[in-house]
Amino acid sequence: MALREACLWEQLTPGRPDHAALKGEVKVDVCVIGAGITGLSAAIHLLEQGKSVAVLEAHRIGHGGSGRNVGLVNAGMWIPPDEIEAGFGEAVGSQLNRMLGAAPSLVFSLIDKYHIDCQLRREGTLHMAHNARGEADLRSREEQWKRRGAPVELLTGSACEQATGTKKIAAALLDRRAGTLNPMAYTSGLASATIGLGGQLFERSPVVRLERQGSRWSVQTALGAVHAGQVVIASNAYTEGEWTALRRNFFPGYYYQVASTPLTDDAAQQILPGGQGSWDTRQVLSSIRRDADGRLLLGSLGNGNQKPAWFLKAWADRVQQHYFPFLKAVDWECTWTGCIAFTPDHLMRLFEPAPGLVAVTGYNGRGVTTGSVVGKAFADYLCHQNPQVLPIPFAPMQPLAGAGLRSCLYEAGFSLYHAGQCLRIVI
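Mapped onto the numbering used here, the consecutive letters of the sequence shown carry residue numbers 2 to 428.
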């Protein structure tokens, strides 16, 4: 079977409505730039509080990382909670840990409230230790989260093998707060909720200019403009054009995925039988999950668009045969890549470069939950002007030096590691 370049989540979200491009002028309370999870969460929570909202999307809803990610509804950040509090200080760090620890609950509540059909599973996620060092890290994370009252459990022995479906993992941290979903369907559902609440949504309307005009902002596109008292920039890694300095505050990285055809044999049912999504503790990590139709989805850091199909299939075969050697030959159906906004310390940044203008970047690969939380926080902040509702304080914009070089070095490292996997030098 030929490996197609296509995003599985788009195929599994049929009937996404088209929205017209902006033509002419619109006046609203708030203009949201970017119809991904952050922007749509902001729009929904603004509309719920009585604000009028227009959302501008340069392409189609979910075009960026919001519709192309793994679909893990994770709690917290990549960085362990003790390190968060050490870096930010106890007051700010504990606020961030609390808000992102409860992030899956916010996602689930939005799905329930707006009846979003996105193949949601609430059985948690599994962080899998690939070696002794990884297991030690997971034991530390378990202790740190349990100290904060989180329902996490380190599985070992037969319990770990039964949960993961592989003998190659000695320990896995089960986080019962978390879950999985189809991210494109979730994003599309947020868009439908935005429209249902009276919001305006314009696709294929990239911003070309953002300027202050008196007491309001003018957000201009090729064919029109939105005039608003406040603006949310929620374009993150997919920020385009020179109308904002946001792009200089992160460096782009990539994450590719490969999906099989639906696996229907009995052996395949051993893989993650509880419905959890998973990822391992490797520095160049691999993610593993199954979708509602039984497909096996494998992913890793790197730009799949720059790799030939034979390379991606060889990589997927290697990972599958390492973890699940009992499977028959797997047919790989499609592959796609998403862009991630990375920061050197793996922490996001919130900005308020001018009154009434807020922006975010640097999710570092945790967009489903973090975007939902930040969108709500921005809405609450713009409505009440209380900075205590934010997960972290605003930071000054500080363009990264050598962002392009960082991206190239990361990609070279990822590609070298994946080549080693294909050649069976490493796993």
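Ideal Cβ placement from N, Cα and C applies to all residues, glycine included.
Membership of D318 in the alpha helix (DSSP H) is indicated by the continuous run A310 to Y324. Comparing alpha carbon positions, the residue from G295, I272, W280 and S287 closest to T265 is G295.
Under the three-pair Cβ rule at 8 Å, the stretch 27 to 34 counts as touching the stretch 224 to 236. In the three-state DSSP reduction, K28 falls in the strand class (E or B). In this structure, the alpha-carbon of H228 lies about 11 Å from that of G25.
Taking 8 Å as the upper bound for CB-CB distance, Q322 and G125 are not in contact here, some 26 Å apart.
Excluding the 5 residues flanking it on each side, E204 has same chain C-beta neighbours closer than 8 Å at D19, H20, A21, A22, A36, E58, H60, R61 and I62, in chain order.
Shortest Cα-Cα distance from D138 to any of A151, R283 and M2 involves R283. I234 has I34 and A360 as its beta-bridge partners, per DSSP.
Rounded to whole angstroms, G421 and Y255 show a C-alpha spacing of 19 Å. Per DSSP, the unbroken alpha helix (DSSP H) holding A164 starts and ends at G158 to T165. C-alpha of T338 to C-alpha of Y364: approximately 16 Å in a straight line. Here DSSP, grouped into helix, strand and coil, assigns L302 to strand. As a beta-bridge residue in DSSP terms, F343 pairs with F252.
The stretch 284 to 304 makes contact with the stretch 409 to 419, as at least three CB pairs between them are under 8 Å. By the Cβ criterion, the stretch 69 to 76 is in contact with the stretch 93 to 107, since at least three pairs of Cβ atoms, one from each stretch, lie closer than 8 Å. Of the candidates L298, H116, L424 and M129, M129 places its Cα closest to the Cα of L155. Contact between P207 and E241 holds, since their C-beta atoms are separated by about 6 Å, short of 8 Å. Distance between D118 and F379, taken at the CA atoms: about 25 Å.
Distance between D318 and S279, taken at the CA atoms: about 18 Å. Minimum Cα-Cα distance from G200 among the listed residues S42, P15 and P354 corresponds to S42. Here the C-alpha atom of E49 lies approximately 39 Å from the C-alpha atom of L286.
Under the three-state reduction of DSSP output, I80 falls in the coil class, being neither helix nor strand.
The C-alpha of A223 lies about 21 Å from the C-alpha of G65. Burial is judged here by how many other beta carbons sit within 10 angstroms of a residue's own beta carbon; C161 has at least 16 and is buried. A distance below 7 Å between beta-carbons, with the five flanking residues on each side excluded, links H347 to the following residues of its chain, in chain order: W79, I80 and N365. In the three-state scheme derived from DSSP, where H, G and I count as helix and E and B as strand, Q270 is classed as helix. Residue burial annotation: E11 is buried, with at least 16 other C-beta atoms found within 10 angstroms of its C-beta. In the structure shown, the three-state DSSP call for L247 is helix. Counting only the Cα atoms, I112 lies some 21 Å from R290. For the 9 Å CB-CB criterion, A172 and G376 do not form a contact. Beta-carbon to beta-carbon, V369 and V108 are separated by about 7 Å, close enough to satisfy the 8 Å threshold. Cβ atoms of P392 and V374 come within 8 Å of each other, at about 6 Å.
When the five nearest sequence neighbours on each side are left out, the beta carbons in the same chain lying within less than 8 Å of the beta carbon of A186 are those of W10, L13, T14, I117, D118, C119 and Q120, in order along the chain.
Taking every protein chain shown into account, the CB of K168 has fewer than 16 other CB atoms within 10 angstroms, so this residue is exposed. In this structure V71 is in contact with Q258, their Cβ atoms being roughly 7 Å apart against a cut-off of 8 Å.
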